[in-house]
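Student:
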Amino acid sequence: MTVLSNVSSTRIWDASRRSREQRIAAGSAYARGKNVAPGDTTKLLEAVIRPGDRICLEGDNQKQADFLAARLAEVDPAVVKDLHIVQSGVVLAEHLDLFEAGIAKRLDFSYSGPQGAAIARALKSGKIELGAVHTYLELFSRYFIDLTPHVALTVARCADRDGNLYMGPNTEDSPVVVEATSFKQGIVIAQVNELVDKVPRVDVPGDRIDFLVVTPEAFYVEPLFTRDPAQITETQILGAMLAIKGIYAPYGVKRLNHGIGFNTAAIELILPTYAERLGLKGKIATHFALNPHPTLIPAIESGWVEQVHSFGSEVGMDDYMQARPDIFFTGRDGSMASNRIYCQSAGLYATDLFIGSTLQIDLQGNSSTFTRDRIAGFGGAPNMGSDPHGRRHASGPWLKAGREAAGEGAVMPRGRKLVVQIVETFGEKLVPTFVESLDSVELAKALDLALPPVMIYGDDVSHVVTEEGIANLLLCRTAYEREQAIRGVAGYTDVGRARDRKAVEDLRARRVIQRPEDLGIDPLEANKSLLAARSIKELMHWSRNLYDPPTKFRNW
Numbered sequence: 001m002t003v004l005s006n007v008s009s010t011r012i013w014d015a016s017r018r019s020r021e022q023r024i025a026a027g028s029a030y031a032r033g034k035n036v037a038p039g040d041t042t043k044l045l046e047a048v049i050r051p052g053d054r055i056c057l058e059g060d061n062q063k064q065a066d067f068l069a070a071r072l073a074e075v076d077p078a079v080v081k082d083l084h085i086v087q088s089g090v091v092l093a094e095h096l097d098l099f100e101a102g103i104a105k106r107l108d109f110s111y112s113g114p115q116g117a118a119i120a121r122a123l124k125s126g127k128i129e130l131g132a133v134h135t136y137l138e139l140f141s142r143y144f145i146d147l148t149p150h151v152a153l154t155v156a157r158c159a160d161r162d163g164n165l166y167m168g169p170n171t172e173d174s175p176v177v178v179e180a181t182s183f184k185q186g187i188v189i190a191q192v193n194e195l196v197d198k199v200p201r202v203d204v205p206g207d208r209i210d211f212l213v214v215t216p217e218a219f220y221v222e223p224l225f226t227r228d229p230a231q232i233t234e235t236q237i238l239g240a241m242l243a244i245k246g247i248y249a250p251y252g253v254k255r256l257n258h259g260i261g262f263n264t265a266a267i268e269l270i271l272p273t274y275a276e277r278l279g280l281k282g283k284i285a286t287h288f289a290l291n292p293h294p295t296l297i298p299a300i301e302s303g304w305v306e307q308v309h310s311f312g313s314e315v316g317m318d319d320y321m322q323a324r325p326d327i328f329f330t331g332r333d334g335s336m337a338s339n340r341i342y343c344q345s346a347g348l349y350a351t352d353l354f355i356g357s358t359l360q361i362d363l364q365g366n367s368s369t370f371t372r373d374r375i376a377g378f379g380g381a382p383n384m385g386s387d388p389h390g391r392r393h394a395s396g397p398w399l400k401a402g403r404e405a406a407g408e409g410a411v412m413p414r415g416r417k418l419v420v421q422i423v424e425t426f427g428e429k430l431v432p433t434f435v436e437s438l439d440s441v442e443l444a445k446a447l448d449l450a451l452p453p454v455m456i457y458g459d460d461v462s463h464v465v466t467e468e469g470i471a472n473l474l475l476c477r478t479a480y481e482r483e484q485a486i487r488g489v490a491g492y493t494d495v496g497r498a499r500d501r502k503a504v505e506d507l508r509a510r511r512v513i514q515r516p517e518d519l520g521i522d523p524l525e526a527n528k529s530l531l532a533a534r535s536i537k538e539l540m541h542w543s544r545n546l547y548d549p550p551t552k553f554r555n556w
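Just so we're aligned: the sequence shown equals residues 1 to 556 in UniProt numbering.
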């Protein structure tokens, strides 16, 4: 005989729904329907948020719910306290004010950008209890497992009376954050620039939005991916030449992701000049998982680029993207609909190469953007810059990299993603990029972290590019060879000067290390005449004046 337990008859199965109903009832005292007056926003937050709640305050790395952030920082710490902040980008001063005031206690995040130094100070002083520094995909995934927000504060360009949200080109993280919160009985509050009768496109359905606040000013968007060509150095141009001729060309890389920075901006700007001269048009760099970098405009206009899918948008690029629907993913309204989780997945599985920069690289090729005084976060680099073992579709670059990594004795064919770190041997203020041990190792000890915050692990890195040349780590067969390959391109840093010269020359003979002259590159040719555009104004001209640069980049 089966005895049925009576546990289910006594357990409450809808506690989260009851909590939601209570919060909605409390918040409704400050709303007309879904609409809340800006002046009542702080009271609304005090009504719907409970001590210890997990809060996602958007908080992307570009668009910011800045009004809601400021109002949350004004709540009474006796009423709203010990919050657990779970958001991808901690980039506004108000985000840190929450911890200074005791409103928030614990933090899980992905990217900090301009607040990297402030986060480091807050961690050292004990103001922040760190959960983890995640990749974007990792944090988004945990929203659906064990870091589901109780309250999500999101942001949109406009909403209609039913709460349907239109994000415009900066959709970014919003759909995943809202869905995780709404479908687990959480509260979603949206900051919008305006109310309209009909939104141009529904990016988030209104039945997932509980309250709307029309703000006095439009929300802030950080021009994170704009790089002024005038600031690109000849050293960065040389690195770009090496990457194109030494990696893109021999592997035939067409599908790729570029990280943020001047090194990859230089690559984009010499595609229509240097790479064109090499006869590589149509053979490399045709399909990108990439934000709409303004420095990619000349390559698009000269017919190099076939398609771009984006994580987010970029300030001033709206009209250009609308006019180039063959290149960008745009909706019926003409606006791009970026989506960070879609593009992160595309960059992880559908591209053959990731190339980006970092602050430190050690002798095993591990890299980190964490230093003693700066905790910049990871963003999507650990996903973009990893070899996805779940991939099963073949391509030429993937198979070639796999053959090189496996060597001659491989029994089972297997591909490999190309993961390139492109750096200068000395960074800002002549701080060496190459180190014997990452600062993040000491940081982990000081903060009692379970793991050192490594951005890209060395066993995922296939190549290191500096002005000294290229180190192909796929061809290294021992840990010592790998170390000497890295030392061999580390220049006059302490790491570089400690190289075993014979071992480095042996690696060069095997083409594990390739100097500019080995590739037929004259460093004297690495000058600004190779750049298809040498200023922001010239990027405008390339775009036929469709690109509208942010004010801070208009220096004419």
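Yeah, the Cβ is synthetic: ideal placement off N, Cα and C, and Gly gets one too.
(1) Within the same chain, show all residues whose beta-carbon is closer than 7 angstroms to that of residue 557, passing over the 5 residues directly before and after it, in chain order.
(2) When the distance is taken between beta carbons, is Leu242 closer than 9 angstroms to Asp203?
(3) Please classify Lys198 as buried or exposed, where buried requires at least 16 neighbouring CB atoms within 10 angstroms.
(4) In whole angstroms, what separates the C-alpha of Ala401 from that of Leu519?
(5) Thinking C-alpha only, which one of Pro200, Ile355, Ser19, Ala218 is nearest Val465?
(6) In three-state terms, what does DSSP make of Gly356?
(7) From the DSSP output, in three-state form, read off Cys158 for me.
(8) Could you compute how far the alpha carbon of Leu430 sits from the alpha carbon of Ala479?
(9) Would the beta-carbon of Val176 fall within 9 angstroms of that of Ile341?
(10) With a cut-off of 9 angstroms, does the C-beta of Ala26 fall near any C-beta of chain D?
(11) To test your reading of the DSSP string, which unbroken alpha helix (DSSP H) runs of 4 or more residues are found completely within the region 321-356?
(12) Kindly list the residues whose CB is nearer than 7 angstroms to the CB of Gln322, restricted to its own chain and excluding five residues on each side of it in sequence; keep chain order.
(13) Classify Asn61 as buried or exposed, calling it buried when 16 or more other Cβ atoms lie within 10 Å of its own Cβ.
(14) Return the bridge partner residues of Leu195 from the DSSP annotation.
(15) Within its chain, find whatever has a CB closer than 7 angstroms to the CB of Met540; leave out the 5 residues flanking it on each side and keep chain order.
(16) Can you tell me the Cα-Cα spacing of Gly407 and Asp352, whole angstroms?
(17) Do you know how far the Cα of Ile486 is from the Cα of Ser386?
(18) Alpha carbons only, please: which of Leu195, Gly59, Tyr220, Pro223 is nearest the one belonging to Val213?
(19) Quick check on the burial criterion: 16 or more other C-beta atoms within 10 angstroms. Buried or exposed for Tyr251?
(20) Can you find at least 3 beta carbon pairs, one from the region 125-143 and one from the region 271-291, that sit closer than 8 angstroms?
(21) For Gln22, count neighbouring Cβ atoms within 10 angstroms of its own Cβ and tell me buried if that reaches 16, exposed if not.
(22) Note the first and the last residue of the continuous beta strand (DSSP E) segment covering Glu179.
(23) Threshold first: 3 residues or longer. Then list the beta strand (DSSP E) segments lying entirely within the region 114-143, N to C.
(24) Do the region 388-399 and the region 469-476 make contact, defined as three or more Cβ pairs closer than 8 angstroms?
(25) Compute the distance between the beta-carbons of Pro169 and Asp318, then report whether it is under 9 angstroms.
Tutor: Put simply:
(1) It is not possible to answer for residue 557, since the shown part of the chain is limited to 1 through 556.
(2) no
(3) With fewer than 16 Cβ atoms within 10 Å of its Cβ, Lys198 is classed as exposed.
(4) Computed Cα separation, rounded: 19 angstroms.
(5) Ile355
(6) Three-state result, Gly356: strand.
(7) strand
(8) 28 angstroms
(9) Cβ distance < 9 angstroms, so Val176 and Ile341 count as in contact.
(10) In the structure shown, chain D cannot be found, because there is only a single protein chain.
(11) Counting only unbroken stretches of 4 or more residues, the alpha helix (DSSP H) elements lying wholly within the region 321-356 are 340-349, in sequence order.
(12) Thr330, Gly334, Ser335
(13) buried
(14) Ala159
(15) Closer than 7 angstroms at Cβ, skipping near neighbours: Tyr547, Pro549.
(16) Separation of Gly407 and Asp352 (C-alpha to C-alpha, rounded to the nearest whole angstrom) is 19 angstroms.
(17) 19 angstroms
(18) Leu195
(19) Result: buried.
(20) no
(21) Within a 10 Å sphere around the beta-carbon of Gln22 sit fewer than 16 other beta-carbons, which makes this residue exposed.
(22) Per DSSP, Glu179 belongs to no beta strand (DSSP E); it is in the alpha helix (DSSP H), 174-182.
(23) 129-133
(24) no
(25) yes
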